[in-house]
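Now the structure itself:
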């Protein structure tokens, strides 16, 4: 199993957090907030399609509201394979950052 | 919230275009939802701005993503299609190969047609170039594509609308010598210098304006130059041609394109002929040169032609009148020479519009049959997948998907066939070139319209082949399809007609092949009245040698292996000379055309021609050279001379000529022999004895390997005629070469016959598999009820055999009529034996039976339990 890319990691965590609210609008807003910049739908969906193809997430049709003018939401959920990948990524991150605090890093940058 | 705020339409529309994947709807919904949220929070203006920004930035990725996944899906479809091919290897192979062969043949024929139609169009002035031809009636009437030698220059002087005129001596084979090397060069002709102002044959070296303005100059083509001179520049070098003269090379031409009716490798200056024999080139009744004219722009050829009678009257009138003949001069457009002229004495064998049309018809027929076969077999094959379709529909497959799958698959098959055809056509080109007797000029990729045309064709036929199963099967009620109630009934009669047509064509071609090859064998084996084997002919003896013929004979006869020696003006198979004579008892207005041959007495024993009555010429009788002639049996019969010896021909002095009437007395009669191929009847012959006119030397060699004799002959010849190199041919080769066109006909019918049989069998195969498929259960029940395997095979093959018999019945009369028309080319011919038809019938039925049994035996052997189980 290959390592997750940064975006994939963000999206997986976001989908997990959002639970049944994990559909396009919310995922995009959350990802934009984490990234600190506008994340476009183009980038969002091409990444989601890849995750589906890798079987990390599955999609199911959800409800709709009038503002969507009849188009149902697509709710994404993390599959067992996706959780496995997330766990692995988390462990890797922990090992990687072990003993390094955020303050130490920022101090270094500030000079 | 009855009306949600509407986002900007343009971006929405663009997004709709880009987001077309499976979840495209969801994406658009997301956009709308967020827009509505923003509009509620910050107002529509801000929301719209966001929508624009977000939309435009997302577009490329959304579109790219869609295309990416489409490609992945397409690869998947391809994988499924290839899996199908692998699963049904036999079917797939037969179907693809058959269609590929059909396309190949069609493409080859189209290439050839295209080449034929392009003849002589590369000349810049092609529209304004004409050839002079004459219709003459002197004794008998004939049309020939040659003109009186002085006519061309006279016409230019007389009529201002004729800009240029050039004469050409028919290119022939000649020995070309450079230093100590000799080459047998085909296509050595002679032309006026103006030739290059009329035609566009570009010079690589030399000056076209002056190259051939002097006697004993010559221009050669690039490849000839390479062959003779290698890398050395040929300009200014001297070539010794077969006439023993040295020619200065004054120019090098680019090789003559294949689609030129004029073909040559070496062109001597016409001035050479003038210098050698000026009176002959100024004689209006020397009619053997081809003449080409370049007319002024806007000149009317019809109006010009109308002026020719006066021109002929002025120059040839009195003489023509004295022999009671007429002659008219005509203009033949250059572009029509190759396809639309059919002269006996053309400068080179030309094409024929009828053949081109015939071949185009064949191409169309082959294409039609092959494509229909392709559609048929695809259809038959797909019916075995009816159950798959039913199952898929039950599981909720969309009809559009199924249609797409079937169409896609058959288009893929068709495209594979096209790829195969593109590969196959390369060896095909070589084969076809062999049939035509000359290589093909271009392949598919060199003709710009061909690849797209083939692609379009493959696509359309692929769609048609997939269309039936796609629309028919996918529309079916799944339950009925699953129950096996699918019946493609309407096509049965169509398929039957197709099989009959295909086999009729095959049988026709098989019969043609048999008849043609039997006739060629007959022509080659029929006793000709002379022995053609072991005769070596030296076609040109110099005047010096002719005068000292006795010493030439004794010199050559001393060579071991040379048995007999004779000389003559012509030998069988190289052409004829025909002239008008007045036999005893015929009036001055009843000239009789006779083939004229000049010999010396040794000619008859050398060729083994028998003297039937009277005697041969005798060297010691001086009067034989001036007053005696021999005739052949046909002449005696024609003139009603039971005893021809002593009969006379009357020679009257021409008008304006002084002198008295003289006579030629018949002293002997030779047995009829063939001076020409069996295409022509033996004509009355008049044979004279004149040592000065016998150019051709015939040597009878001892049977066996002639290498040693040839070696000695070459040495002896060098002593006899140090000037000109030895040129020779074997009489049987030359004589049999007259059947080359017929041999090509044989190859043609054979190749197309095989092809037709192949395609016919493919069609049968398709039909048989269809029938067997349809009757699976019937066969099972029959077996259960005790039917034997042979009985079932018989049952399944009966229809096919019947169809092939019908095809035979249709093909026989057609073949009989067509072959009799073809046989009319021969004055001496076989009669078509009934066995030919029987053999063709036997072969076709056998082949059809074998093809069908491939299917029917398998069906008959199948266990009934298997075929009945699925009910």
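Chains as they are written, first to last, in the numbering used here: chain A, 29 to 139; chain B, 32 to 902. Ideal Cβ positions, reconstructed from N, Cα and C, are used throughout, including at glycine.
Would you list the one or two residues that DSSP bridges to residue 729(B)?
As a first step, residue 729(B) is located in the second chain; it is residue number 698 there, counting from the start. Answer is 568(B), 597(B).
Name, going along the chain, the residues of the stretch 56-67 of chain B whose beta-carbon falls closer than 9 Å to a beta-carbon of chain A.
The stretch 56-67 of chain B vs chain A, Cβ under 9 Å: 56, 57, 58, 59, 60, 61, 62, 63, 64, 65, 66, 67.
Roughly how many whole angstroms lie between the Cα atoms of residue 731(B) and residue 767(B)?
As a position in the second chain, residue 731(B) is number 700, starting the count at 1. As a position in the second chain, residue 767(B) is number 736, starting the count at 1. For residue 731(B) and residue 767(B), the distance between alpha carbons rounds to 18 Å.
Could you name the residues of the same chain whose beta carbon sits closer than 6 Å to that of residue 391(B), not counting the 5 residues immediately before and after it, in chain order?
Along the second chain, read from residue 1 onward, the residue named residue 391(B) stands at position 360. These residues qualify, in order along the chain: 144.
Could you please give the first and the last residue of the uninterrupted beta strand (DSSP E) stretch that includes residue 611(B)?
Indexing the second chain from 1 puts residue 611(B) at position 580. Its beta strand (DSSP E) spans residues 609-614.
Find the nearest neighbour of residue 538(B) within the set 893(B), 573(B), 781(B), 251(B), judged by alpha-carbon distance.
Numbered from 1 along the second chain, position 507 holds the residue referred to as residue 538(B). For the residues 893(B), 573(B), 781(B), 251(B), the minimum Cα distance to residue 538(B) belongs to 781(B).
Compute the Euclidean distance between the alpha carbons of residue 389(B) and residue 216(B), then round it to the nearest angstrom.
Sequence index remark: in the second chain, residue 389(B) carries index 358 (1-based). Sequence index remark: in the second chain, residue 216(B) carries index 185 (1-based). Rounded to the nearest angstrom, the two C-alpha atoms are 34 Å apart.
Taking Cβ-Cβ distances shorter than 8 Å, what residues in chain A pair up with residue 100(B)?
Residue mapping note: residue 100(B) aligns to position 69 of the second chain, counting from 1. Neighbours of residue 100(B) on chain A, chain order: 77.
What's the call for residue 63(A), buried or exposed, on a 16-neighbour Cβ count within 10 Å?
As a first step, residue 63(A) is located in the first chain; it is residue number 35 there, counting from the start. Classification for residue 63(A): exposed.
Hey, is residue 93(B)'s beta-carbon within less than 7 Å of any beta-carbon in chain A?
On the second chain, position 62 is the one that residue 93(B) refers to. It does: the Cβ of residue 93(B) has a partner Cβ on chain A nearer than 7 Å.
Determine the extent of the beta strand (DSSP E) in which residue 299(B) is found, giving its start and end residues.
As a working mapping, residue 299(B) is identified with position 268 in the second chain. Per DSSP, residue 299(B) belongs to the beta strand (DSSP E) from 297-300.
Does the stretch 320-328 of chain B come within contact of the stretch 257-276 of chain B, defined as at least 3 CB pairs closer than 8 Å?
No contact exists between the stretch 320-328 of chain B and the stretch 257-276 of chain B.
Residues of chain A with CB closer than 7 Å to the CB of residue 88(B), please, in chain order.
For the purposes of this step, residue 88(B) is taken as the residue at position 57 of the second chain. Going along chain A in sequence order, the residues near residue 88(B) (Cβ under 7 Å) are 68, 70.
Would you say residue 52(A) reaches chain B, if we count a Cβ-Cβ gap shorter than 7 Å as a contact?
One-based indexing of the first chain puts residue 52(A) at position 24. Closer than 7 Å to some Cβ of chain B, the Cβ of residue 52(A) qualifies, so yes.
Spell out whether any CB of chain B is found under 7 Å from the CB atom of residue 99(A).
Translated into positions along the first chain, residue 99(A) becomes position 71. By this cut-off, residue 99(A) is an interface position.
Assuming residue 645(B) and residue 698(B) are in contact, meaning their beta carbons sit under 8 Å apart, how far apart are those beta carbons, in whole angstroms?
As a first step, residue 645(B) must be located in the second chain, where it is residue number 614. As a first step, residue 698(B) must be located in the second chain, where it is residue number 667. Contact flag correct, Cβ pair sits at about 5 Å.
Look up residue 663(B) in the DSSP assignment and say whether it is helix, strand or coil.
Counting from 1 along the second chain, the entry for residue 663(B) is found at position 632. Strand, per DSSP.
Rounded to whole angstroms, what is the Cα-Cα separation between residue 88(A) and residue 73(A)?
Numbered from 1 along the first chain, position 60 holds the residue referred to as residue 88(A). Numbered from 1 along the first chain, position 45 holds the residue referred to as residue 73(A). Answer to the nearest angstrom: the Cα atoms are 15 Å apart.
Please determine if the stretch 129-136 of chain B and the stretch 439-454 of chain B are in contact, where contact requires at least 3 C-beta pairs separated by less than 8 Å.
They touch, by the three-pair rule.
Please list, in chain order, the chain B residues whose beta carbon lies closer than 7 Å to that of residue 73(A).
Along the first chain, read from residue 1 onward, the residue named residue 73(A) stands at position 45. 58, 93, 96, listed in chain order.
Tell me the rounded alpha-carbon separation between residue 820(B) and residue 827(B).
Stepping through the second chain from its first residue, residue 820(B) is reached at position 789. Stepping through the second chain from its first residue, residue 827(B) is reached at position 796. If I take the Cα positions, the gap works out to 11 Å.
Between which two residues does the alpha helix (DSSP H) holding residue 800(B) run?
As a first step, residue 800(B) must be located in the second chain, where it is residue number 769. Residues 771-805.
I want to verify the contact list: residues of chain B whose CB lies under 8 Å from the CB of residue 93(A), in sequence order.
Position 65 of the first chain, counted from the first residue, corresponds to residue 93(A). Chain B residues near residue 93(A): 64.
For residue 620(B), collect the residues of the same chain with a Cβ closer than 6 Å to its Cβ; drop the 5 residues on either side in sequence, then sort them by chain order.
Numbered from its first residue, the second chain carries residue 620(B) at position 589. Result list for residue 620(B): 355, in chain order.
Would you tell me roughly how many angstroms separate the C-alpha atoms of residue 949(B) and residue 420(B), rounded to the nearest one?
The first residue shown for chain B is 32 and the last is 902, placing residue 949(B) beyond what the model contains.
Indicate the three-state DSSP secondary structure (helix, strand or coil) for residue 642(B) in the structure shown.
Counted from its first residue, the second chain places residue 642(B) at position 611. In the structure shown, residue 642(B) sits in a strand (DSSP, three-state: E or B).
So with Cβ pairs under 7 Å, would you call residue 286(B) a contact of chain A?
Position 255 of the second chain holds residue 286(B). Chain A, which has no Cβ nearer than 7 Å to the Cβ of residue 286(B), makes this no.
Whole angstroms is fine: what's the gap from residue 130(B)'s alpha carbon to residue 540(B)'s?
Translated into positions along the second chain, residue 130(B) becomes position 99. Translated into positions along the second chain, residue 540(B) becomes position 509. Cα-Cα distance, rounded: 20 Å.
Could you run through the stretch 99-116 of chain A and flag, in chain order, every residue whose CB is less than 8 Å away from some CB of chain B?
Within the stretch 99-116 of chain A, the qualifying residues are 99, 100, 101, 102.
List the residues of chain A whose Cβ lies closer than 8 Å to the Cβ of residue 85(B), in chain order.
Along the second chain, one-based indexing puts residue 85(B) at 54. By Cβ distance, chain A contributes 66, 68, 69.
When the Cα atoms are used, what is the spatial distance from residue 601(B) to residue 654(B)?
Reading the second chain from its first residue, position 570 is the one you call residue 601(B). Reading the second chain from its first residue, position 623 is the one you call residue 654(B). For residue 601(B) and residue 654(B), the distance between alpha carbons rounds to 22 Å.
Pairing CB atoms from the stretch 103-123 of chain A with CB atoms from the stretch 69-86 of chain A, are three or more of them under 8 Å?
Because the criterion of three Cβ pairs below 8 Å is met, the stretch 103-123 of chain A and the stretch 69-86 of chain A touch.
Ignore the nearest five residues each way along the sequence and tell me which others in residue 720(B)'s own chain have a CB closer than 6 Å to its CB.
Taking the first residue of the second chain as position 1, residue 720(B) is located at position 689. Excluding positions up to five away in sequence, the list reads 648, 655, 656.
Beta-carbon within less than 7 Å of residue 313(B)'s beta-carbon, same chain only, minus the 5 sequence neighbours each way: which residues are those?
For the purposes of this step, residue 313(B) is identified with residue 282 of the second chain, where counting begins at 1. The residues are 181.
Taking only three categories from DSSP, how would you classify residue 862(B)?
Position 831 of the second chain, counting from 1, holds the residue named residue 862(B). Looking at residue 862(B) - three-state DSSP - the assignment turns out to be coil, as it is neither helix nor strand.
Taking the alpha-carbon positions, what's the residue 44(A) to residue 58(A) distance?
Working through the first chain from its first residue, we reach residue 44(A) at position 16. Working through the first chain from its first residue, we reach residue 58(A) at position 30. So the alpha carbons of these two residues sit roughly 12 Å apart.
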